[in-house]
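Engineer:
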Amino acid sequence: MKEKINVAVIGCGTIANSAHIPAYMASPIAEIKYFCDIIPERADAAVQKYGCGTAVYDYKQILDDPDLDAVSVCTHNDMHSVIAIDFMRRGKDVLCEKPAARILPEALEMERVSYETGRILSIGVCNRYANSVNRIKKMIEAGDLGDVYHVYASFRAHRSIPGLGGDFTTFACSGGGALIDWGVHYIDLIMYCLNDPKVLNCSGEAFCKLGVDMKNYTYTSMWAENTGDKENGTYDVDDSVVGLIRTDRAVISFNGAWAQNIGINETFIDFMGDKGGIRLQYCGGFTYYTAKDGALLEVKPSYTMNDMHRDEVLDFVECVQKGTRNRNDIRYAVGTSKIMQAIYDSSAAHKEIVL
Ligand SMILES: NC(=O)c1ccc[n+]([C@@H]2O[C@H](COP(=O)([O-])OP(=O)(O)OC[C@H]3O[C@@H](n4cnc5c(N)ncnc54)[C@H](O)[C@@H]3O)[C@@H](O)[C@H]2O)c1
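In this text, residue positions in the sequence shown follow my numbering: the first is 2, and each later residue adds one.
(1) Is residue 61 close to ligand 1? I mean its beta-carbon at under 7 Å from any heavy atom of the ligand.
(2) Have a look at the DSSP bridge pairing and note the partners of residue 359.
(3) Taking residue 266 and residue 190 to be in contact with their CB atoms under 8 Å, please state how far apart those CB atoms are, rounded to whole angstroms.
(4) Using CA atoms only, rank isn't needed, just tell me which of 251, 351 and 171 is closest to residue 237.
(5) Is residue 285 near ligand 1, going by C-beta to nearest heavy atom under 7 Å?
(6) Going along the chain, which residues of its own chain have a beta-carbon closer than 8 Å to the beta-carbon of residue 41, five neighbours each way excluded?
(7) Going by Cα to Cα distance, which pick from 355, 275 and 179 is closest to residue 246?
(8) In chain order, what are the residue ranges of uninterrupted alpha helix (DSSP H) at least 4 long that sit wholly in the stretch 7-54?
(9) Just curious, the beta strand (DSSP E) that residue 135 is in, first and last residue?
(10) Where does residue 357 sit, in a helix, a strand or coil, going by DSSP?
(11) Please say whether residue 158 and residue 258 have beta carbons closer to each other than 8 Å?
(12) Can you check whether the CB of residue 101 is closer than 8 Å to the CB of residue 343?
(13) Identify whether residue 323 lies in helix, strand or coil by the three-state DSSP scheme.
(14) Closer than 7 Å to a non-hydrogen atom of ligand 1 - does that hold for the CB of residue 188?
(15) Relative to ligand 1, is the shortest distance from any of its heavy atoms to the C-beta of residue 16 smaller than 7 Å?
(16) For the candidate residues 133, 50 and 49, whose alpha-carbon lies nearest to that of residue 285?
(17) Sort out for me which residues DSSP pairs residue 171 with in a bridge.
(18) Should the stretch 6-17 be called in touch with the stretch 70-78, which here means at least 3 C-beta pairs below 8 Å?
(19) Residue 292: beta carbon under 7 Å from a heavy atom of ligand 1?
(20) In whole angstroms, what is the alpha-carbon distance linking residue 24 and residue 199?
(21) Please classify residue 263 as buried or exposed, where buried requires at least 16 other C-beta atoms within 10 Å of its C-beta.
(22) Along the chain, where does the beta strand (DSSP E) that runs through residue 273 open and close?
(23) Using a Cβ-Cβ cut-off of 8 Å, state whether residue 84 counts as contacting chain C.
(24) Could you work out which residue in 279, 35 and 278 is closest to residue 60 when comparing CA atoms only?
(25) Going by C-alpha to C-alpha distance, which of 150, 52 and 114 sits closest to residue 252?
(26) Out of 225, 90 and 211, state which residue places its alpha-carbon closest to the alpha-carbon of residue 219.
(27) Since residue 242 and residue 180 should fall inside the 8 Å C-beta cutoff, what is the C-beta to C-beta distance between them, to a whole number of angstroms?
(28) From residue 173 to residue 105, what does the alpha carbon distance come to, in whole angstroms?
Written out as structure tokens, the structure reads:
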């Protein structure tokens, strides 16, 4: 077992700086050998800021470094499969940001190469490391909810389209909008808590409405605004989506929106069982509802909240050291990819898709 794991961070933007790099810096095992970005100033700035590593501007320059063990892929979605596959084929383990890929065939190819090469490929569905989520998973397994027959997710915002006209809103780069960007976390979290039920069929509609007229889209603030281009950019992804996923156990339904003409922001998941139910506030705590001895009970457990992004990266580093796959393995992300693809296909055909 190697004492130190040398890593490279590919793409030194928001998620790299807020999650991956600080976690690697906190790891007693990992050492960042390279910061790579096609925008040279971003790679240079990372070297300067973190006081380690070498800046590179083309990831291909480091593919063959025999001392490099693993990489984080923190670029936009269009490069996930390309970069992850290139590194796996050169014997490196990969932690790739969510969504695994833009479309299902890319995710399937990533899975195939991961298992063919024997390299670890973890996808950044970080909620699998959240204390709340793992408590709920255990409660469901212990039967505290009884038969969980319906799970409903709401990931809705009033006006929250990111980087209008840029990578986020251009299908060729992102593979989709609200569903693939936000919904991926919710669907993955639910499938994880339910212990991966078999998906039978999916039905959905995805709407591209509020951002189409980019110049007149009204908002108070925009995240990732610096990546947008309202004058010459593209807007061809879903800004809202509804869906129904039938599994061999629970039915999953959701209402998601980057933007809709309803002035509320809602981010929660309701797990409904015949013995008990849970409302999880996304990235927060949860409430458990049940009935006992003729009384209705409502329990709001208190516990330490953890930094799920950090714990995800630290677990990846440990897995690289031990050569083991983890709970974020690509095979689970492929499951989520199949669902999202089916929702988009259902929307395009206006009919149910049987899996
Ligand atoms: N897990 C989460 O909760 C979470 C949160 C935010 C973003 N993300 C995901 O992280 C990814 C990046 O998002 P972001 O918000 O950090 O974007 P960003 O634009 O802030 O950063 C992406 C960086 O990648 C660089 N880049 C692009 N192509 C490259 C290439 N070929 N080689 C090297 N660098 C390249 C860009 O120049 C940019 O600096 C997306 O897939 C997004 O979905 C995940």
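Cβ coordinates follow ideal geometry from the N, Cα and C atoms, glycine included.
Structural biologist: Let me lay it out:
(1) no
(2) The chain is shown from 2 up to 356; residue 359 falls before or after that span and cannot be answered.
(3) That belief does not hold up - the Cβ atoms of residue 266 and residue 190 are roughly 18 Å apart, past 8 Å.
(4) 171
(5) no
(6) 56 and 58
(7) 355
(8) 22-27 and 41-51
(9) First-last for residue 135: 132-142, but that is the alpha helix (DSSP H), not the beta strand (DSSP E).
(10) Because the chain in this structure spans residues 2 to 356, residue 357 falls outside the shown range and cannot be described.
(11) yes
(12) no
(13) helix
(14) no
(15) yes
(16) 133
(17) According to DSSP, residue 171 bridges with nothing at all.
(18) yes
(19) no
(20) 34 Å
(21) exposed
(22) 267-274
(23) Here chain C cannot be found, since the structure has a single protein chain.
(24) 35
(25) 150
(26) 211
(27) 4 Å
(28) 14 Å
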